[in-house]
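Okay, structure first, notes after.
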Amino acid sequence: MLRVIGRHLKQGFQLKSVERSENRVRIDLEFQSPDGRDRLHEVKSARELTDVHKIQAALYWNGDGNHEVVLSNGSTDVVLPREYLEKVHREAEATTAFLRDFPDEATIAFRPNPAVCRYCANDQCTFLAGRLAATIVNEVKAMEGGNPSVKEGQ
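Here you go:
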């Protein structure tokens, strides 16, 4: 986070806030550009910025054209285009409506994504259950000196 702050201060940005909560998200950094626009940052420690990171950053956007949303790490700043922000928000609204309007279906509907599933808390998800079962079997086999060969989902 310090590298991102330093990089922006050198470019003439003014730091407005650090880890501010707004609209159900915590905005890591907020700057004001030399031309007066607000810049909201999602800061990651990862060397590689992933699609999941971009989605998380895009959720900072509130539809206001007066600020830009940026995904940053120690060496890179990626300004997310407005079209991308709009797309993520349409998908988030549809997902929220599905979860609200069809809660029973939502507990069994899933779309496995290896970058997200390891963090998922949906204990009803059959993909997660299969992955956990494979992990447990492999750990037991390893403890017994056997060959961990069960694949996720089996």
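Number 90 in my numbering belongs to position 84 of the sequence shown; there are no gaps in the numbering.
Cβ atoms here follow ideal geometry from the backbone N, Cα and C, with glycine treated the same way.
Note that the structure is a prediction, hence the values are computed from the model and not measured.
In the three-state DSSP reduction, LEU77 falls in the strand class (E or B). With a cutoff of 8 Å on beta-carbon distance, ARG26 and GLU36 are scored as near each other.
Distance between ARG45 and HIS73, taken at the CA atoms: about 5 Å.
GLN38 sits in a strand when the DSSP states are folded into three classes. Inclusion of VAL49 and VAL10 in the CB contact set at 8 Å is warranted, their separation being smaller than that value. Excluding sequence positions up to five before and after ALA98, its CB lies within less than 8 Å of the CB of LEU65, all in the same chain and listed in chain order. Residue pairing by DSSP places VAL49 opposite SER78 in a beta bridge.
Boundaries of the alpha helix (DSSP H) harbouring GLN62: 57-64, taken from the DSSP string.
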